[in-house]
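Chemist:
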Amino acid sequence: MPPIKVLVVEDEVITGRVISEELTLIGYAVTDLATSDEETFASISENKPDIVLMDILLKGSSRDGIEIATILRQEYHLPVIYITAHTDDTTLERARRSEPYGYLVKPFDERDLRVAIETASYKHSMERQLALREAQLSAILKSTHDAVIATDRVAEVIYMNTAAENLTGWHFDEALGKEVTEIFRLVDEYSGEEIANPVPQVLRSGQVTYLNDSTTMIDRYGTQKPVCDSASPIYLPSGEIDGAVMVLWDMSDRKRTEAALRESELRFRNAFENAAIGMALNMIDGKFFKVNQALCEILGYSESELLSLTHQEITHEEDKQADLDATNSLLAGEISSFKLEKRFLHKDGYIVWILLSVSLVRDISQHPMYLIAQMQNISDRKQAEISLYQLNKELEDRVSQRTEALKQTEVNLIAANAQLERTNAELARATRLKDEFLASMSHEFRTPLNAILGMAEGMQTKVFGEVNELQIRALQTIESSGAHLLELINDILDIAKIESGRIELEYAPISVETLCKASLIFIKQQALKKNIQIETKLQPNLPSLIADERRIRQVLINLLNNAVKFTPESGRITIEVKILPPELVTTTSAQQHFLRISVIDTGIGIALENMQKLFHPFIQIDSALNRQYQGTGLGLALVKRIVELHSGRVGLTSELGVGSCFSIDLPCTPTVPLPSTSAENTNIKSRSPDQVINTSRLIFLIDDNEAYINTISNYLEAKNYRIFLAKNTQETIALAKIYQPDLLLMDIQMPVTNGLEVLKQIRRELNLVNVPVIVLTGLGMAGDREQYLEAGATAFLTQPIKLNQLSATIQQLLQ
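The opening position of the sequence shown corresponds to residue 11 in my numbering, with each subsequent residue numbered one higher.
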């Protein structure tokens, strides 16, 4: 055992050395000799002594020995033995309050020194063990879930652990010194009668006391809590009762668990006994020990009869092995439950089909306890399955017969499909030929009309020389007849394209006001000749239309032309536009808005029985009218089809001798309208004929029609352009590379060569890549314009063209 380490604190160095030598001689280890408080604390931190011998008076130290000893006791927990020559009462009282472990008066001998050190060491060791045990006991009591309350011999609280604080609602500091009966009350859970606190009885009798299970504690806040209690006396070594300790267990969780268990058992009992299907509990050996009424009714046995049987005894012989194998797998833990269909023997001897579901109940150690079986009577279903099987067999036989018949039908169908494919091919070929015929006829019709209308226009403008008034009227007749023929051609082609489904609409936002103004321009001259008044009624803030502007304008011009045609002189034509509320329009969407454009005239009117005929192609309602008013009967048919392509509808109201109102309803979105633009802004900006033209401009004209070549070239030469005529494309490209024309004017319907390929070839030539190219066509089919512009055309004009429009386009491109 290592020697006790001693620190000597003495201001007299010689005295200190003497004491140190004596300590060493009697077997102690002196760690240091200190003469002041600073040296003392520094030595303790470095050498860790077991005991300090402290002189009370220290000269040159800021603290005397008693002050230093007090610090050592409180902060370092070191035992201190005073050594001093002073024994006055004041010094002794101060020393006593610092709780020293000994007091040696100088001079002292070796025996006194040893006794003081050994006594102090033993006392200090006992105090440390006691403090450790108290700390351990306090930790145990604090960590336990049981509430522990200790009292003295008069039943006043001297200790409470954390669990007791939580249970009673009192903090220990508040409860200390109070009688235990003030801390909580006890009552009977069922009767509500107050129960006497057991502590006073234990203090009187010295016997351990327990409370019954119905005891409820009322805490500081009046809350009732079920508790279990024991109270025991605390004895002194003399056998005298010094107090009592009370242990309380909060039974709230256990009470709730017991209530839940009782409720669960009740639910299970009700579910078991009142279940619509058979329920049984079986021992491991298969013996019934509980059955419900439904199972008794299914099997025909009474409850007592079933409880005397095992389930194997009433199982069909052929199903016993499958039942046994499944049960063994369940008991072995290979499966958690099983379900199978089996046959039971009814008490009356017939078979009952049962859908059996079995689960195993194990105890807490996972040992099998009993089986829970659910049994559903499926005899009716089994009978139905047998009937269904027989029916399926009959159906299979019928299907086999029908299959043979279907195979023969399939052979016939294949032959019919082959014939249908040949027919479809013929139809496709016919459609293609029809489209090619329409394109060819369009070109063949428009090409001579180009010459007729161009020459008539040129002669009227005196490009080819002076003409008299009689000749001008004849030219006007030619021009109007040609225009009428062009209108007929355009209507026939449009009807054909719509009927074949080849027409494509180019949707874009349209200003309704601009659309109406642009359409009225086409009939103003005709109306003026007949002194017809034109009125426009536009509802304010009209929305824009999303439609094909060219097609809708075509519709309005048709309606306006008809109105002018059938309205007598000094009549009136009104174009009216307004928004229709959604509820006034029959549509699949209740929120769809429609714009109604109406053309109203004061014309001859139409009889009710003739209204539906108007919208069929090539039909006019009266041959007499046909002779009186020119027309093909195509205009209104086109109107109806174009409007329906826009998901709109056409309406008509009329009265004979009063007038007619043609209306078109077009879907629209009520948004901010497009800004109105004048009709003149929609065309290429033209220049006046008397404006100066650059006479050095060279135009290559590529066409194969003599009449058209003469018309165009004579007109352009009259406009002081130089013209190079070409019919051979390759020669034209070679010469164009040499002479560098300012503009190329080409017809895409050239014999042998393909106009699209020629255009691409021109654009591949470096010297011609930036030369403007105007493409002329008599086809005007959907998609042509985009196709040629993409290939490199600068402008695209449909024949027959107005010569002044051609001149304006050329000037625009050459500026």
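Each residue gets a CB set at the ideal place from its N, CA and C atoms; glycine is no exception. These numbers come from a predicted model, not from an experiment.
Can you tell which of R163, T172 and L196 has the C-alpha that lies nearest to the C-alpha of G187?
Modeler: Position 177 of the sequence shown, counted from the first residue, corresponds to residue 187. Of the candidates R163, T172 and L196, the one whose C-alpha sits nearest the C-alpha of G187 is R163.
Chemist: Opposite I205 in the DSSP bridges: which residues?
Modeler: Numbered from its first residue, the sequence shown carries residue 205 at position 195. Beta-bridge pairing links I205 to L196.
Chemist: Taking 7 Å as the cut-off, does the CB of I531 come closer than this to any heavy atom belonging to the ligand GDP?
Modeler: Ligands are entirely absent from the displayed structure, and the ligand GDP is therefore not among its contents.
Chemist: Quick one: what does DSSP say D119 is sitting in, helix, strand or coil?
Modeler: As a first step, residue 119 must be located in the sequence shown, where it is residue number 109. DSSP places D119 in coil when its eight states are reduced to three.
Chemist: Within the chosen definition, does the stretch 262-269 reach the stretch 278-295 through at least 3 CB pairs nearer than 8 Å?
Modeler: Verdict: no, contact absent.
Chemist: Tell me whether the stretch 86-100 and the stretch 111-121 touch, counting them as touching only if at least three CB pairs, one residue from each stretch, are closer than 8 Å.
Modeler: Contact holds: three or more Cβ-Cβ distances are below 8 Å.
Chemist: Spatial neighbours of L666 within its chain, please: CB distance less than 8 Å, with the 5 preceding and 5 following residues excluded, ordered by chain position.
Modeler: Translated into the one-based positions of the sequence shown, residue 666 becomes position 656. Excluding residues within five positions, the ones whose Cβ falls inside 8 Å are I614, G615, I616 and A617.
Chemist: Does N57 pass the burial test, meaning 16 or more other C-beta atoms within 10 Å, or should it be called exposed?
Modeler: The sequence position of residue 57 within the sequence shown is 47, counting from 1. Flag for N57 reads exposed.
Chemist: For Q815 and Q759, I'd like the C-alpha separation in whole angstroms.
Modeler: In the sequence shown, the residue the question calls residue 815 occupies position 805. In the sequence shown, the residue the question calls residue 759 occupies position 749. The straight-line gap from Cα to Cα measures roughly 21 Å.
Chemist: DSSP on V40, reduced to helix/strand/coil?
Modeler: Counting from one through the sequence shown, the residue named residue 40 turns up at place 30. V40 falls in the strand class under three-state DSSP.
Chemist: Go ahead and pull the three-state DSSP assignment for N292.
Modeler: Numbered from its first residue, the sequence shown carries residue 292 at position 282. Three-state result, N292: strand.
Chemist: Give me whichever residues DSSP pairs with T337 in a beta bridge.
Modeler: Locating residue 337 in the sequence shown gives position 327, counting from the first residue. Partner(s): none; T337 has no beta bridge.
Chemist: Which runs of the beta strand (DSSP E) spanning at least 3 residues fall entirely within the stretch 15-71, listed in chain order?
Modeler: Within the stretch 15-71, the complete beta strand (DSSP E) runs of at least 3 residues are 15-19, 39-44 and 61-65.
Chemist: Alpha carbon to alpha carbon, what distance is there between S224 and K297?
Modeler: The residue labelled residue 297 in the question sits at position 287 within the sequence shown. The residue labelled residue 224 in the question sits at position 214 within the sequence shown. Distance between the alpha carbons of K297 and S224 is about 40 Å.
Chemist: For F474, does the three-state DSSP call read helix, strand or coil?
Modeler: Taking the first residue of the sequence shown as position 1, residue 474 is located at position 464. Three-state DSSP puts F474 in coil, outside helix and strand.
Chemist: Once you ignore the five residues that flank S71 on each side, which residues in its own chain have a CB closer than 6 Å to its CB?
Modeler: Sequence index remark: in the sequence shown, residue 71 carries index 61 (1-based). Here the set comprises S46 and D47.
Chemist: Output yes or no for whether 8 Å exceeds the beta carbon distance between A466 and L480.
Modeler: Along the sequence shown, one-based indexing puts residue 466 at 456. Along the sequence shown, one-based indexing puts residue 480 at 470. Contact flag unset, no.
Chemist: What's the call for Q750, buried or exposed, on a 16-neighbour Cβ count within 10 Å?
Modeler: Here residue 750 refers to the residue found at position 740 of the sequence shown. Under this definition Q750 is an exposed residue.
Chemist: For H656, count neighbouring C-beta atoms within 10 Å of its own C-beta (all shown protein chains included) and say buried if the count is 16 or more, exposed if not.
Modeler: As a first step, residue 656 is located in the sequence shown; it is residue number 646 there, counting from the start. By the neighbour-count rule (16 or more Cβ atoms within 10 Å), H656 is buried.
Chemist: Tell me, please, whether the stretch 573-586 touches the stretch 529-538 by the rule of three or more beta-carbon pairs shorter than 8 Å.
Modeler: Touching, yes.
Chemist: In this structure, does DSSP put V368 in helix, strand or coil?
Modeler: The sequence position of residue 368 within the sequence shown is 358, counting from 1. DSSP places V368 in strand when its eight states are reduced to three.
Chemist: Taking Cβ to Cβ, would you say S30 is nearer than 8 Å to V19?
Modeler: Position 20 of the sequence shown, counted from the first residue, corresponds to residue 30. Position 9 of the sequence shown, counted from the first residue, corresponds to residue 19. The answer is no: Cβ separation not under 8 Å.
Chemist: By how many angstroms is the C-alpha of F278 removed from the C-alpha of R272?
Modeler: Locating residue 272 in the sequence shown gives position 262, where the first residue counts as 1. Locating residue 278 in the sequence shown gives position 268, where the first residue counts as 1. In a straight line, the C-alpha of R272 is about 10 Å away from that of F278.
Chemist: Nearest to V522 by alpha carbon, out of Q418, Q549, Q393 and L503?
Modeler: Working through the sequence shown from its first residue, we reach residue 522 at position 512. Answer by Cα proximity: Q549.
Chemist: So, does the stretch 222-241 touch the stretch 163-179, judging by three or more C-beta pairs under 8 Å?
Modeler: Touching, per the Cβ criterion.
Chemist: From T25 to D65, what does the alpha carbon distance come to, in whole angstroms?
Modeler: Position 15 of the sequence shown, counting from 1, holds the residue named residue 25. Position 55 of the sequence shown, counting from 1, holds the residue named residue 65. Taking the straight line from one Cα to the other gives about 10 Å.
Chemist: Have a look at the DSSP bridge pairing and note the partners of A553.
Modeler: The sequence position of residue 553 within the sequence shown is 543, counting from 1. In the sequence under discussion, the amino acid at residue 553 is Pro, which differs from the Ala named in the question. P553 pairs with nothing; no bridge assigned.
Chemist: Please classify Y517 as buried or exposed, where buried requires at least 16 neighbouring CB atoms within 10 angstroms.
Modeler: The residue labelled residue 517 in the question sits at position 507 within the sequence shown. Result: exposed.
Chemist: Could you give the distance in angstroms between the alpha-carbon of G253 and the alpha-carbon of I54?
Modeler: Along the sequence shown, read from residue 1 onward, the residue named residue 253 stands at position 243. Along the sequence shown, read from residue 1 onward, the residue named residue 54 stands at position 44. In a straight line, the C-alpha of G253 is about 43 Å away from that of I54.
Chemist: Would you mind stating whether L569 and V649 have Cβ atoms separated by less than 8 Å?
Modeler: Here the question's residue 569 lines up with position 559 in the sequence shown. Here the question's residue 649 lines up with position 639 in the sequence shown. Yes, they are a contact pair.
Chemist: State whether the stretch 802-815 contacts the stretch 740-747, with contact taken as three or more CB pairs (one from each stretch) at a distance under 8 Å.
Modeler: Output reads no: the stretch 740-747 does not touch the stretch 802-815.
Chemist: What are the boundary residues of the beta strand (DSSP E) that includes I583?
Modeler: The count along the sequence shown starts at 1 and reaches residue 583 at position 573. R582 to L590 is the extent of the beta strand (DSSP E) around I583.
Chemist: Skipping 5 residues on each side, what residues in its chain have a beta carbon closer than 8 Å to that of E727?
Modeler: By one-based count along the sequence shown, residue 727 stands at place 717. Excluding sequence neighbours, E727 sits near I733.
Chemist: Taking DSSP as the reference, what is the three-state secondary structure of P519?
Modeler: Counting from one through the sequence shown, the residue named residue 519 turns up at place 509. Residue state, collapsed to three classes: strand.
Chemist: Starting from E545, trace the beta strand (DSSP E) both ways and give me its first and last residue.
Modeler: Taking the first residue of the sequence shown as 1, we reach residue 545 at position 535. Counting along the chain, the beta strand (DSSP E) containing E545 begins and ends at Q543 to L548.
Chemist: Ignore the nearest five residues each way along the sequence and tell me which others in L766's own chain have a CB closer than 6 Å to its CB.
Modeler: Mapped onto the sequence shown, residue 766 falls at position 756. Counting only Cβ-Cβ distances below 6 Å, and skipping sequence neighbours, we find A801.
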